[in-house]
Amino acid sequence: RNLSNLIAKYVKICYNAFTDKLIKGGSKTMNITDIRIKLVKKDELKLKAVASVTFDDCFVVHDVKVIEGTDTYFISMPNKKTPDGGYKDIVHPLNSPTRELIKTAVLEAFRKAEQESEAVTKPEE
């Protein structure tokens, strides 16, 4: 219940910031203002990283997972296990363009974090 109240409070803050932006003639879309990546170092896992995505400096979504697929990487939104053993997203984009925007930004941040990690772990020649 406390988590629900906290989420409702932040949604209200973001909604107010969003409507304020509209009143001032701004964009209707929320912008990604920060992405933090935590790499998962276990080679045998398909889970490669966990991201936190911040929108408009006022709303953050934690636990966006970067997963290695057969041919490429994809993202999985935060989810919870249902009583029947399935999984249900807790938060998710409402349309394809927004999903693609988040996916592209998270995977770009993931690739950058991977490159930085490799540069740190490689011995100098």
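Residue numbers (the working numbering): 580 to 704. Every residue gets a Cβ at the ideal spot worked out from N, C-alpha and C, and that includes glycine.
| Asked | Found |
| --- | --- |
| Three-way DSSP call (helix, strand, coil) for residue 695 in this model | helix |
| CB contact flag (residue 685, residue 614, <8 Å) | yes |
| Residue from 644, 666 and 664 whose Cα sits closest to the Cα of residue 682 | 644 |
| Buried versus exposed call for residue 591 [16 or more other C-beta atoms within 10 Å across all chains shown] | exposed |
| Where residue 646 falls: helix, strand or coil (DSSP) | strand |
| Straight-line Cα distance separating residue 675 from residue 689 | 21 Å |
| For residue 634 and residue 609, the rounded distance between their alpha carbons | 6 Å |
| Check whether residue 619 and residue 630 have beta carbons under 8 Å apart | no |
| Buried versus exposed, by CB contacts within 10 Å (16 or more), residue 692 | buried |
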